[in-house]
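What follows is a single structure, written as structure tokens, with notes after it.
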Amino acid sequence: MQSRSVIIPAAGPFSFEECHWFLDRGYDECLHTILPGTVRKLIPLSTGPVLTDLRKHPAGIEAVILEGKTDAATEAALHAYVADWLAPQHDLQPFYDKLTKVKALAYMPAAYSGLRLIGIPDLFEALAWSIIGQQINLTFAYRLKRRLVERWGEKYMSGGNTYHLFPQPSAIATADPSELRAMQFTGRKTEYLIGVAQQFASGAVSKATLLALPTLEARRKALTDLRGIGIWSANYALMKSLRDETCIPHGDAGLLNALLAHGLITDKSDNTSMEKLYRRFKGWESYLVVYLWRSLAVKA
DNA sequence: GTCCAGGAAGAAA
DNA sequence: TTTCTTCATGGA
């Protein structure tokens, strides 16, 4: 049986290894599998899910379809998905030029060369993940996510392994709250998750309804109007799912720690210095956040 | 035992 | 409008 591969070309500095590293980081991720030089993921497409291996390619990324349809429409959808997820086509050189001009950050273009903003194409997943991750450590957050996914996400078997998709809003909307509580979701996380799922399941909110709004501010408000979605989560979702590169999850614990570690702020309420820094990265604010988050981890 | 984690909502000041 | 308080649990 022949496998089909799709090449997603990169523009400017791009490193598959950096993306691979970010997608690993040692956490118990349940929506993709890390193999040497490869990221394997069951990818939801409009034409049906495809189990795909992503690898480095001289031109950018090679996506090999292991299972699922291989018609032209599927290949086009896969190309679009990977472009939306890892953005290899997005040239970062203008951002690197800005980094170079800030002494404390000038090392970053070389140290993290080619790292892209790794997105979460599914808006519901991005919001659910932000709710799960509120005020708990990431290790525990990944454990909660796995329980949610394994209980309510669609399953596909292949080669003796089980692969999951993130649950549909309709599945969470009708979930029994006590079941979530038993999985160690707090009462509030349970309420928030089911409430947001209901909004998506009814069609009141979706990526499309958000994109149809005229301004960024209107999108931010539509998100914060959801119970459980505050300003941090709204900006996180805009950045990770809609790929709005001007959004900053203000107050983020990791972000503040990184700013402190680089001597860019004097304390966690030094808003003056923060605003000054963000102004220098106009249009690339989200990338600044991504690279500061990257700096929190020691490269293996 | 202590402190904090990729926060949010509601109450109080 | 800004600043507590509560929620709720695991990891270091």
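For the first sequence, position 262 matches number 262 in our numbering, and the numbering has no gaps at all. We put the beta carbon where it would ideally sit given N, CA and C, even for glycine.
Helix, strand or coil, according to DSSP, for residue i in the structure here?
| i | result |
| --- | --- |
| Ala-63 | strand |
| His-57 | strand |
| Ser-158 | strand |
| Val-6 | strand |
| Arg-301 | The displayed coordinates of the chain run from 1 to 300. Any statement about residue 301 would go beyond what the structure contains. |
| Tyr-107 | coil |
| Lys-101 | coil |
| Val-205 | coil |
| Tyr-291 | helix |
| Thr-47 | coil |
| Leu-211 | helix |
| Ser-259 | The displayed chain sequence assigns Leu, not Ser, to residue 259. In this structure, Leu-259 counts as helix in the three-state DSSP scheme. |
| Thr-70 | coil |
| His-20 | helix |
| Arg-40 | strand |
| Leu-117 | coil |
| Ile-194 | helix |
| Thr-139 | helix |
| Thr-272 | helix |
| Tyr-27 | coil |
| Leu-144 | helix |
| Leu-264 | coil |
| His-79 | helix |
| Leu-165 | coil |
| Leu-92 | coil |
Just to check my reading of the structure: residue i and residue j have Cβ atoms closer than 8 Å, yes? What is that Cβ distance to the nearest angstrom?
| i | j | result |
| --- | --- | --- |
| Ser-30 | Arg-146 | Per the sequence presented here, residue 30 reads as Cys, with Ser not at that position. 4 Å between Cβ atoms; contact. |
| His-262 | Ala-111 | Actually they are not in contact, since the Cβ atoms of His-262 and Ala-111 sit about 12 Å apart, beyond 8 Å. |
| Tyr-236 | Tyr-142 | Wrong, their Cβ atoms sit about 16 Å apart, outside the cutoff. |
| Gly-12 | Gln-93 | 5 Å |
| Gly-254 | Leu-210 | The pair is not a contact, with the Cβ atoms about 25 Å apart (cut-off 8 Å). |
| Leu-226 | Val-205 | 7 Å |
| Pro-165 | Arg-294 | One detail in the question is off: residue 165 reads as Leu in this sequence, not Pro. Incorrect: roughly 27 Å between the Cβ atoms, too far for contact. |
| Arg-40 | His-32 | 6 Å |
| Leu-216 | Asp-244 | 6 Å |
| Ile-229 | His-250 | That belief does not hold up - the Cβ atoms of Ile-229 and His-250 are roughly 14 Å apart, past 8 Å. |
Does the distance from the C-beta atom of residue i to that of residue j stay below 8 Å?
| i | j | result |
| --- | --- | --- |
| Phe-196 | Pro-167 | The identity of residue 196 in the sequence shown is Val, whereas the question assumes Phe. Against a cut-off of 8 Å, the Cβ pair of Pro-167 and Val-196 comes out as no contact. |
| Leu-78 | Leu-45 | yes |
| Thr-190 | Pro-177 | yes |
| Leu-66 | Leu-51 | yes |
| Ile-120 | Leu-23 | no |
| Leu-138 | Met-183 | no |
| Phe-95 | Tyr-287 | yes |
| Thr-74 | Thr-38 | no |
| Trp-152 | Ala-173 | no |
| Tyr-163 | Leu-35 | no |
| Thr-224 | Ala-208 | no |
| Pro-9 | Tyr-156 | no |
| His-57 | Ile-136 | no |
Do the segment 273 to 282 and the segment 79 to 92 meet, that is, are 3 or more Cβ pairs less than 8 Å apart? no
Is it true that the segment 85 to 92 meets the segment 1 to 18, where meeting means three or more beta-carbon pairs spaced less than 8 Å apart? yes
Check whether the segment 46 to 66 and the segment 187 to 204 touch, using three or more Cβ-Cβ pairs below 8 Å as the test. no
Continuous beta strand (DSSP E) assignments of at least 3 residues falling wholly in the segment 222 to 256: none
Contact between the segment 126 to 144 and the segment 226 to 245 is defined here as three or more beta-carbon pairs at a separation below 8 Å; is this criterion met? yes
Would you check if the segment 208 to 226 and the segment 250 to 266 touch, i.e. whether three or more CB-CB distances between them fall below 8 Å? no
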